[in-house]
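Okay, so here's the structure we're looking at.
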Amino acid sequence: MEQPYLSIVIPVYNEESNLAPLMQRLYPAVQGTGKSFEILFTNDGSRDRSLEILRSFVQEYPGVKVIEFNGNFGQHMAILAAFEMSQGEIVITLDADLQNPPEEIPRLVAEIEKGHDVVGTIRQKRQDSLFRRLASRIVNITTNKMTGMRMSDYGCMLRAYHRYVVDNINRCRETTTFIPALAQTFASNPAEIEVAHSERAQGESKYSFYSLIRLNFDLMTGFSVVPLQLFALFGIITAILSLAFALFLFVRRFIVGAEVEGVFTLFAILFFFIGIIILGIGIVGEYVGRIYQEVRKRPRFVVRRTYGFEEQ
14 MEQPYLSIVI
24 PVYNEESNLA
34 PLMQRLYPAV
44 QGTGKSFEIL
54 FTNDGSRDRS
64 LEILRSFVQE
74 YPGVKVIEFN
84 GNFGQHMAIL
94 AAFEMSQGEI
104 VITLDADLQN
114 PPEEIPRLVA
124 EIEKGHDVVG
134 TIRQKRQDSL
144 FRRLASRIVN
154 ITTNKMTGMR
164 MSDYGCMLRA
174 YHRYVVDNIN
184 RCRETTTFIP
194 ALAQTFASNP
204 AEIEVAHSER
214 AQGESKYSFY
224 SLIRLNFDLM
234 TGFSVVPLQL
244 FALFGIITAI
254 LSLAFALFLF
264 VRRFIVGAEV
274 EGVFTLFAIL
284 FFFIGIIILG
294 IGIVGEYVGR
304 IYQEVRKRPR
314 FVVRRTYGFE
324 EQ
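Just add 13 to wherever you are in the sequence shown, counting from 1, and you've got the numbering used here.
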């Protein structure tokens with residue numbers, strides 16, 4: 014069988030209503046590039062008919078391959094599993110919900126062929142709710158500040174990677190990661206292009222409010238020690254100010270005499286600093302938790318079965 018030039022990677026979790034419309038648009042779009050290709054779906058523990066539909070694609074569409082997880086390991090683990098089994102010189106990730114049109118794929122391929130090693134996308138005229146747009150903006154700004162990276166839209170998974178970037182990603186063995194940010198650390202000539210954005214065709218988003226908070230913490234603690242450094246700096250500044258304030262109170266006592274006023278102000282300041290301390294402990298806990306996950310060395314994902322790879 015001819016070595017594929019393009020690998021299209023799609024994680025799937027409970028997307029039975031979107032899969033048929035996706036393939037009706039995706040397959041012609043990839044064929045239109047004139048390149049040899051493979052399409053890899055990872056079924057991330059779906060509880061609906063997604064796996065059944067994907068298995069039918071293997072029989073109906075040449076070049077379609079399916080990876081079946083034995084449980085739900087998350088979107089990025091599903092992508093990593095497909096990365097490890099992909100063969101293409103250019104690897105493109107795409108969500109199955111049709112919010113990002115597959116027809117944009119030839120543009121990403123063209124950018125990689127111009128010499129870029131990672132091509133990100135920026136969603137134009139986003140059709141998400143106000144809450145999701147606001148949460149996405151907060152994640153983008155916070156992550157850029159904390160990691161020093163410069164990406165405009167971390168949440169858009171329509172992206173293209175050169176083979177050597179994917180190979181370097183495959184060498185990383187951490188159990189918690191965020192692929193767009195990880196790829197950016199290996200990129201020497203990244204680029205971003207604007208793409209269209211549509212409303213979700215069917216079903217509901219798999220990212221809840223809690224998931225977005227977790228994503229933000231994973232990005233901050235997984236790619237930077239800035240949060241720890243900020244709290245160390247805050248501790249130094251607080252210690253200096255406290256010393257200065259204590260000196261002021263000592264001098265004032267000799268001038269004015271003993272006082273009992275300001276008790277409520279003192280408690281307000283005390284509770285503020287207690288809150289800051291608890292937040293700092295929480296951030297340290299995030300780092301400790303990540304270390305704990307890594308040292309256990311449990312499998313990042315478990316592949317139950319594959320379909321369509323027998324032909325290789």
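Idealized CB from N, CA, C, for every residue including glycine.
Cα-Cα separation, Gln325 to Arg303: The pLDDT assigned to Gln325 is 46, lower than 50, so where the model puts this residue is not dependable, and the model offers no usable value.
Check whether the Cβ atoms of Leu35 and Ala109 sit closer than 8 Å, and answer yes or no. yes
What is the C-beta distance between His175 and Ile118, in whole angstroms, given that I count them as a contact (C-beta under 8 Å)? The Cβ separation is near 15 Å, so there is no contact.
So, with DSSP's three-state summary, where would you put Gly302? helix
Could you round the C-beta distance between Ala94 and Val316 to whole angstroms and report it? I think they count as a contact, below 8 Å. 6 Å
Along the chain, where does the beta strand (DSSP E) containing Ser59 start, and where does it finish? First-last for Ser59: undefined, no H or E at that position.
Alpha carbon to alpha carbon, how far is Leu12 from Phe286? Nothing in the structure corresponds to residue 12, since the chain is present only between 14 and 325.
In three-state terms, what does DSSP make of Phe50? strand
Exposed or buried, Val179, counting other C-beta atoms within 10 Å across all chains shown (16 or more means buried)? buried
Could you give the DSSP three-state label for Arg317: helix, strand or coil? strand
Which of the three DSSP states is assigned to Thr251 in this structure? helix
Could you tell me the distance, in whole angstroms, from the CA atom of Gln137 to the CA atom of Leu111? 15 Å
Indicate whether the contact test is met: 3 or more Cβ pairs, each with one atom in the segment 294-311 and one in the segment 55-69, closer than 8 Å. no
Give the straight-line distance between the Cα atoms of Met98 and Pro24, rounded to the nearest whole angstrom. 13 Å
Apart from the five residues on each side of it in sequence, which residues of its chain come closer than 8 Å, Cβ to Cβ, to Asn181? Phe199
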